[in-house]
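To keep things clear, I will list the structure first and then write my remarks on it.
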Amino acid sequence: MSEDSKAKPFVYTIEECKECGLKTKRTFKINDFVYKIGELCSKCKGSTLITMIYAEYMKA
Amino acid sequence: MNLTDIQLQLNPLFPTGNDPNSWWMYLIWILPTFIIMMYFQRIQMWMVSRDVARSVTKLKVMREQGRKEALEYAKSISPNVDQTERVDRFLEYFTIMPVDMDPSGIMKKLQHIMRIRDDRVKAEVKAMAPNMDVISASKMENILEAATILHLIYKVVRHFYLMGKKTSSMFFIIQLQMIMPILLQEAEALTKAIGTFRAGQPIGDGIGPMIVGKMMLNKEKRTVAKETVVSEDQYSGRTLYLMKAEGPAGSVGEPGTAVEKLIDEMGVKINSVIMIDAALKLEGEKTGELAEGVGAAIGGIGVDRFQIEEVATKHGIPVYAIIVKQSILDAITVMKKEIAESIEKVTKSIFSVIDEKTKEGDSVLIIGVGNTLGVAQ
Numbered sequence: 001m002s003e004d005s006k007a008k009p010f011v012y013t014i015e016e017c018k019e020c021g022l023k024t025k026r027t028f029k030i031n032d033f034v035y036k037i038g039e040l041c042s043k044c045k046g047s048t049l050i051t052m053i054y055a056e057y058m059k060a
Numbered sequence: 001m002n003l004t005d006i007q008l009q010l011n012p013l014f015p016t017g018n019d020p021n022s023w024w025m026y027l028i029w030i031l032p033t034f035i036i037m038m039y040f041q042r043i044q045m046w047m048v049s050r051d052v053a054r055s056v057t058k059l060k061v062m063r064e065q066g067r068k069e070a071l072e073y074a075k076s077i078s079p080n081v082d083q084t085e086r087v088d089r090f091l092e093y094f095t096i097m098p099v100d101m102d103p104s105g106i107m108k109k110l111q112h113i114m115r116i117r118d119d120r121v122k123a124e125v126k127a128m129a130p131n132m133d134v135i136s137a138s139k140m141e142n143i144l145e146a147a148t149i150l151h152l153i154y155k156v157v158r159h160f161y162l163m164g165k166k167t168s169s170m171f172f173i174i175q176l177q178m179i180m181p182i183l184l185q186e187a188e189a190l191t192k193a194i195g196t197f198r199a200g201q202p203i204g205d206g207i208g209p210m211i212v213g214k215m216m217l218n219k220e221k222r223t224v225a226k227e228t229v230v231s232e233d234q235y236s237g238r239t240l241y242l243m244k245a246e247g248p249a250g251s252v253g254e255p256g257t258a259v260e261k262l263i264d265e266m267g268v269k270i271n272s273v274i275m276i277d278a279a280l281k282l283e284g285e286k287t288g289e290l291a292e293g294v295g296a297a298i299g300g301i302g303v304d305r306f307q308i309e310e311v312a313t314k315h316g317i318p319v320y321a322i323i324v325k326q327s328i329l330d331a332i333t334v335m336k337k338e339i340a341e342s343i344e345k346v347t348k349s350i351f352s353v354i355d356e357k358t359k360e361g362d363s364v365l366i367i368g369v370g371n372t373l374g375v376a377q
């Protein structure tokens with residue numbers, strides 16, 4: 001078995017602001033998908049785009 | 001205690017034949033040797049059988065988990081209907097491959113069979129909840145496919161295990177033991193994949209659609225084949241045709257048919273094709289590494305690859321491939337950070353192929369191959 005098969009995945013959503021370019025990393029929520037309009041930018045209140053959804057593995 | 005003392009103490013274990021009372025020592029040596037000679041194969045069979053039985057139990061647990069998750073998802077989309085019978089029937093669903101003794105024309109037959117299968121799966125899922133949206137339906141299809149494969153792996157392994165026990169044939173059991181680590185790894189990957197499909201998260205195999213999807217943002221999309229879309233763009237005097245399965249539903253589309261239609265039916269003159277896909281890495285290679293090559297980078301049963309190769313050969317179009325390496329587990333479970341972060345490297349690689357291998361005025365078809373679950377465009 002691989003190392004990853006024993007580790008627990010934490011899934012994150014990366015949102016990128018279309019105005020100021022700020023990247024925000026948050027926990028994945030159901031109905032998120034890549035290239036969906038995200039939440040408002042915390043810095044400039046501009047609209048964001050989900051550019052990535054990925055898993056990071058932490059050893060259990 | 002010196003060496004001579006030790007030798008004297010061990011002497012009774014190695015009788016010389018001069019001592020008439022040492023006959024029992026011969027028994028201690030000869031009896032186990034005789035038993036091992038006579039029953040070695042049975043002892044080995046017993047040990048291997050126990051090992052295989054443990055693995056069969058693990059596969060059974062994973063099969064049950066897959067079925068349970070499929071039932072739970074079916075219940076979440078149609079809470080008032082009991083889907084147990086329909087899901088159980090689906091798990092036993094099979095596809096008979098066309099006869100290959102006369103291979104001429106087999107690809108058309110394969111394509112036909114796979115289309116019927118695909119339509120049947122979609123119809124079954126539609127029957128579960130007629131008002132289900134496209135994304136939920138695609139998730140259900142993916143979950144059912146994974147649960148069916150888990151069911152099949154368990155059934156086939158159990159068959160050979162029971163055959164081995166029934167016929168007392170070591171060869172069934174030993175062969176099972178040899179391939180068991182790979183089967184368990186695949187089954188484990190499928191079990192984890194079901195959770196990813198339920199959540200609608202992008203999988204490692206979705207890296208190709210994710211890269212091309214980014215290039216398609218804010219551009220008009222046209223459906224050219226079933227669940228497959230194309231956009232146009234301009235780059236350094238070249239026309240780019242961008243193709244991927246339509247997301248964020250979990251689909252691989254029909255890139256083979258889409259390429260045929262685009263070039264043969266719609267008459268688009270393509271000078272080069274660039275295909276981006278996930279590919280299985282070898283042990284020791286890093287996840288998320290990219291490699292460039294030539295040829296149609298597309299997996300599956302071979303129908304789409306055949307169609308693309310046919311069209312490319314007919315029109316003399318060079319086909320370039322860029323692959324992102326990953327394991328089977330990475331490919332069907334939620335996309336790893338290393339894979340997602342390869343997007344910039346791959347995009348750079350695509351444009352360097354365009355710059356080096358094409359000239360101004362050319363048309364380039366870029367195909368993002370893979371399951372586009374959780375990835376729009």
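If you read the protein sequences in the order shown, they are chains A and B.
Following my numbering, the numbering of the first sequence begins with 1 at its first residue and continues without gaps.
Following my numbering, the numbering of the second sequence begins with 1 at its first residue and continues without gaps.
Idealized CB from N, CA, C, for every residue including glycine.
Predicted model, so just to flag it, every value in this text is computed and none were measured.
Note to self: Between the alpha carbons of B:V353 and B:K286, how many angstroms are there, rounded?
What the structure shows: Along the second sequence, one-based indexing puts residue 353 of chain B at 353. Along the second sequence, one-based indexing puts residue 286 of chain B at 286. The straight-line gap from Cα to Cα measures roughly 23 Å.
Notebook entry, point to check: Does any CB atom of chain A fall closer than 9 Å to the CB of B:A419?
Noted result: Because residue 419 of chain B is not part of the residues shown, which for chain B are 1 to 377, the question remains open.
Check: According to the neighbour-count rule (16 or more other Cβ atoms, all chains shown, within 10 Å of its Cβ), is B:G361 buried or exposed?
Finding: In the second sequence, counting from the first residue as 1, residue 361 of chain B sits at position 361. Per the 10 Å Cβ criterion, exposed.
Note to self: Could you check whether the Cβ of A:E56 sits closer than 9 Å to any Cβ belonging to chain B?
What the structure shows: Taking the first residue of the first sequence as 1, we reach residue 56 of chain A at position 56. True, the Cβ-Cβ gap to chain B drops below 9 Å.
Margin query: With three or more beta-carbon pairs closer than 8 Å as the criterion, would you say the segment 367–375 of chain B touches the segment 234–253 of chain B?
Written below: By the Cβ test, the segment 367–375 of chain B is in contact with the segment 234–253 of chain B, since at least three Cβ pairs between them sit closer than 8 Å.
Next item on the list: With A:F10 as the anchor, note down where its beta strand (DSSP E) starts and where it stops.
Entry: Stepping through the first sequence from its first residue, residue 10 of chain A is reached at position 10. First-last of the beta strand (DSSP E) with A:F10: 8–17.
Item checked: B:Q387 vs B:I194 beta-carbon contact at 9 Å -> Outside the shown range of chain B, which is 1 to 377, sits residue 387 of chain B, and nothing can be said about it.
Check: When DSSP labels each residue in this structure, what does A:T24 get in the three-state scheme?
Finding: Reading the first sequence from its first residue, position 24 is the one you call residue 24 of chain A. If DSSP states are grouped into helix, strand and coil, A:T24 belongs with the strands.
Note to self: Tell me which residues share the same chain as B:I308 and place their Cβ nearer than 6 Å to its Cβ, disregarding the 5 neighbours each side in the sequence.
What the structure shows: By 1-based counting over the second sequence, the position of residue 308 of chain B is 308. If we look at B:I308 and ignore the five residues flanking it on each side, its Cβ neighbours are G256, V259, A296.
Next item on the list: Could you list which residues in chain B have their beta carbon closer than 8 Å to that of A:K36, in chain order?
Entry: On the first sequence, position 36 is the one that residue 36 of chain A refers to. Using a Cβ-Cβ cut-off of 8 Å, A:K36 is close to P248, A376 of chain B, given in chain order.
Check: For the segment 212–239 of chain B, which residues have a beta carbon sitting closer than 8 Å to at least one beta carbon of chain A?
Finding: G213, K214, L217
Check: When burial is assigned at 16 or more other CB atoms within 10 Å of the CB, is B:T167 buried or exposed?
Finding: Along the second sequence, one-based indexing puts residue 167 of chain B at 167. Its Cβ having fewer than 16 others within 10 Å, B:T167 is exposed.
Next item on the list: Measure how close the beta-carbons of B:G204 and B:A321 come, nearest whole angstrom, since I'm counting them as under 8 Å.
Entry: Taking the first residue of the second sequence as 1, we reach residue 204 of chain B at position 204. Taking the first residue of the second sequence as 1, we reach residue 321 of chain B at position 321. Not really, about 17 Å apart at Cβ, beyond 8 Å.
Item checked: chain A contacts from the segment 320–336 of chain B (Cβ-Cβ distance under 9 Å) -> S327, L329, D330, T333, V334, M335, K336
Item checked: Candidates B:K108, B:T313, B:Y154: closest to B:L190 by CA position -> Working through the second sequence from its first residue, we reach residue 190 of chain B at position 190. Residue B:Y154 is the option with its Cα nearest to B:L190.
Note to self: Less than 9 Å between the C-beta atoms of B:T333 and A:A55, yes or no?
What the structure shows: By 1-based counting over the second sequence, the position of residue 333 of chain B is 333. By 1-based counting over the first sequence, the position of residue 55 of chain A is 55. Contact flag set, yes.
Item checked: Outcome for A:D80 when other beta-carbon atoms lying within 10 angstroms are tallied against a minimum of 16 -> Missing from the structure shown is residue 80 of chain A; chain A here goes from 1 to 60 and no further.
Check: Among the residues of its own chain, which have a CB less than 7 Å from the CB of A:C44, if the five just before and after it don't count?
Finding: Indexing the first sequence from 1 puts residue 44 of chain A at position 44. C17, E19, C20.
Next item on the list: Grab the span of the alpha helix (DSSP H) containing B:A189 for me, first residue to last.
Entry: One-based indexing of the second sequence puts residue 189 of chain B at position 189. Here the alpha helix (DSSP H) through B:A189 covers 170–199.
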